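Each residue of the sequence shown is one higher than the last, beginning at 4 in my numbering. Glycine residues also receive a C-beta, built at the ideal position from the N, C-alpha and C atoms. Please read these numbers as outputs of a predicted model, since none were measured by experiment. I have placed the structure first, in the form of structure tokens, so that the comments after it can refer back to it.
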Amino acid sequence: MLHSNERMDLITEYMTSYEEKIKMANKNGLFDAAKMFELFAVEVCIVWFGQKFSNLNTERATYPYVDLISENRELLVQVSTAQDVPTKIKSTLEKIRDSKDKKYSALKNIVFFVLSNNSIDKIKEYSGDNQIGSISFTIKDNLITTNDIITKAQNDLNFQKKLYKVLKDEFDNFNINIREFKGALELSASGLRAIEGLINGEYEIDRNEFLKTIIKDNERYISIQGGAGSGKSVLCKKYVENQELVLYARAERFVEESHIDNIWDCCIQDVLECLNGKKLIFFIDALEFIADCAKTKFELLQYLYDMATKYQYVYIVTSCRTSDKNAFIKLETNFSIKIYEVGDITENELALIMKKYPLIHKMYKMNSYVDLLKSPFYINLIISNSIDIDDIRDENTLREYIWRNIICLEKKSPIYRVLSGKVIETVEKIVFERAKKFLLGIHKDDIDRDVMHALLSEGVVAQQGEYIRLNPHARTLGTTINETMQAIGY
4 MLHSNERMDL ITEYMTSYEE KIKMANKNGL FDAAKMFELF AVEVCIVWFG QKFSNLNTER
64 ATYPYVDLIS ENRELLVQVS TAQDVPTKIK STLEKIRDSK DKKYSALKNI VFFVLSNNSI
124 DKIKEYSGDN QIGSISFTIK DNLITTNDII TKAQNDLNFQ KKLYKVLKDE FDNFNINIRE
184 FKGALELSAS GLRAIEGLIN GEYEIDRNEF LKTIIKDNER YISIQGGAGS GKSVLCKKYV
244 ENQELVLYAR AERFVEESHI DNIWDCCIQD VLECLNGKKL IFFIDALEFI ADCAKTKFEL
304 LQYLYDMATK YQYVYIVTSC RTSDKNAFIK LETNFSIKIY EVGDITENEL ALIMKKYPLI
364 HKMYKMNSYV DLLKSPFYIN LIISNSIDID DIRDENTLRE YIWRNIICLE KKSPIYRVLS
424 GKVIETVEKI VFERAKKFLL GIHKDDIDRD VMHALLSEGV VAQQGEYIRL NPHARTLGTT
484 INETMQAIGY
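Structure representation (structure tokens):
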């Protein structure tokens, strides 16, 4: 059990350097320091006054000059990190006095909760003849500084014990939230980098006009939709890549988890509370992969939208195949999600690609690959794998080539000393068993080690913890896999 002097050591050290602690813990600027002090003030006021306090963020239109209100609604608190405290107090009292809103005439008690600094000694009292408006301000009754909190803790043992718990829990939780949120942002950035945006790693299709429309509209909830391989995910990536705060996840994560926090391994509610106006974008990729799930599985996705509606600075971006959009009609309607449809590659875009890559021009003139050349994904697949079309007669032959050599590594399997049939068997297991059962992936222990090494080395699959799943670019071939297998008689 801690002794009083041990509790006071923590309280004194914590309160005297509160602002520095916040800045240190928040050195990346992820959270707003003033907002953190406001949340802290709620907890301290509960201990100080012996009643619950709530934040007035949702009631600012009712009381625009204060931040907290007591449970009995008789006490209002303004929380401030201002360096010039005397000016802040005087200007607030004057604004309330000059307000034409009748409710302010009934206000008699406002407390100012501030950080201690050199300006505190210059604070004037406004009572009696010096009173500003209907509110009397005295240092004894209407001011709480961080130094006052230390003094009260020294003289009131019960207050000291309660305050100690508040401070310890508050700072521990804050450090955890900062660390976990930073980790979520880094993991999301890694996920975004995995989305291939260039043909052959070098050529970018210019779709700036499409993006300019989205940016100009500035809708909070948008969904970029189109056919398989049309570049939906790439456009979403381009839209969010210059934003400071982006949380990215594949749509399947909303099926795999039962709690929103588990998707990014951080407390989303705490994150949203602490951002205080900083723009945050959630990018949920490939909704089509959960379109066939039971409707109850959409509850977590809907919950994210429900949370976002409470914060004007939170945006949600999704990508989805047009063929699967009907599964999300209710969601689109309930949250007024703006749909942006990305079409096939235009003739002008294709002309520029053919100029860069003669192979695509050759395929275009053959008239056997018209549909495939409408897709950025397939163009990249052909160029990056240096496919020799002289050995490929038509679209079905190309699909067979994709299946055997790009997905199942028929030509490369000898390099890894594995049988191509074993690779095919493994890919089928990953694709079909995972899709049928909506699994996180196939456990690595259920896959031949040598085959897994080959698939990982060639970028066909990725490992997430103990599970193996297709890489995002390979999973776009999900539609192609089915079409290919039908075409070649599987």
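{"Query": "Beta strand (DSSP E) runs contained entirely in the region 305–334, provided each spans 3 or more residues", "Result": "317–324"}
{"Query": "Coil, strand or helix - M488 by DSSP", "Result": "A caution first: M488 carries a pLDDT of 48, below 50, which makes its placement in the model too unreliable to give a value."}
{"Query": "Cβ distance (whole Å) where Y242 is taken to contact L214 below 8 Å", "Result": "6 Å"}
{"Query": "K365, buried or exposed, once every other Cβ within 10 Å from all chains shown has been counted against 16", "Result": "exposed"}
{"Query": "Reference E247, options K105, Y318 and N75, closest by Cα", "Result": "Y318"}
{"Query": "Pairwise C-alpha distance: V463 and E259", "Result": "21 Å"}
{"Query": "Sequence-distant residues of the same chain with beta carbon closer than 8 Å to F52, five excluded per side", "Result": "S73 and L78"}
{"Query": "Proximity of I142 and E128 at Cβ, strictly below 8 Å", "Result": "yes"}
{"Query": "Among Q157, S122 and F177, nearest to F40 - alpha-carbon criterion", "Result": "F177"}
{"Query": "Collapsed DSSP secondary structure at R452 in the structure displayed", "Result": "helix"}
{"Query": "C-beta contact flag for L275 and Y308 at 8 Å", "Result": "no"}
{"Query": "Residue environment, V373, which counts as buried when at least 16 other CB atoms sit within 10 Å", "Result": "exposed"}
{"Query": "Exposure of R324, with buried meaning 16 or more beta-carbon neighbours within 10 Å", "Result": "buried"}
{"Query": "Local Cβ density within 10 Å of F435, reported as buried at 16 or more and exposed below that", "Result": "exposed"}
{"Query": "Of the listed residues L362, K368 and F380, nearest to I390 (C-alpha basis)", "Result": "L362"}
{"Query": "P417, buried or exposed, once every other Cβ within 10 Å from all chains shown has been counted against 16", "Result": "exposed"}
{"Query": "Cβ pair count under 8 Å reaching 3, the region 162–169 against the region 144–151", "Result": "no"}
{"Query": "Residue burial classification, S339 (beta-carbon count within 10 angstroms, cutoff 16)", "Result": "exposed"}
{"Query": "Backbone secondary structure at V199 - three-state DSSP", "Result": "According to the sequence as given, residue 199 is Glu; it is not Val. DSSP places E199 in coil when its eight states are reduced to three."}
{"Query": "Per DSSP, cross-strand counterpart(s) of E344", "Result": "Q228"}
{"Query": "contact_flag[the region 287–294, the region 251–258] where n(CB pairs < 8 Å) is 3 or more", "Result": "yes"}
{"Query": "Own chain, CB closer than 6 Å to L458, minus 5 neighbours either side, in chain order", "Result": "V464"}
{"Query": "Cβ neighbours of K165 in the same chain (closer than 7 Å, five flanking residues each side left out)", "Result": "V50"}
{"Query": "Between the CA atoms of I218 and Y493 - distance to the nearest angstrom", "Result": "Interpretation of Y493 is limited by its pLDDT of 48, a score under 50 that renders its predicted location unreliable; the figure taken from the coordinates is listed afterwards. Their Cα atoms are separated by approximately 45 Å."}
{"Query": "Spatial distance of D12 from F162 (CA atoms)", "Result": "15 Å"}
{"Query": "Contacts around K125, its chain only, beta-carbon distance under 7 Å, and the 5 residues preceding and following it disregarded", "Result": "P89"}
{"Query": "Own chain partners of D348 with C-beta closer than 6 Å, once the 5 adjacent residues on each side are dropped", "Result": "The identity of residue 348 in the sequence shown is Ile, whereas the question assumes Asp. The answer, listed in chain order, is K377."}
{"Query": "Other residues of its chain near Y21: CB distance less than 7 Å, five sequence neighbours each side excluded", "Result": "L118 and T149"}
{"Query": "Y404 - containing alpha helix (DSSP H), residue span", "Result": "E398 to Y404"}
{"Query": "Proximity of E222 and K341 at Cβ, strictly below 8 Å", "Result": "yes"}
{"Query": "Per-residue DSSP class, three states only, for L473", "Result": "strand"}
{"Query": "When Y17, A37 and Q134 are compared against G280, the one with the closest alpha-carbon", "Result": "A37"}
{"Query": "Sequence ranges, alpha helix (DSSP H) only - wholly within the region 350–425, length at least 4", "Result": "350–359, 361–369, 379–387 and 398–404"}
{"Query": "Of the listed residues V426, G131, K106 and K91, nearest to S122 (C-alpha basis)", "Result": "K91"}
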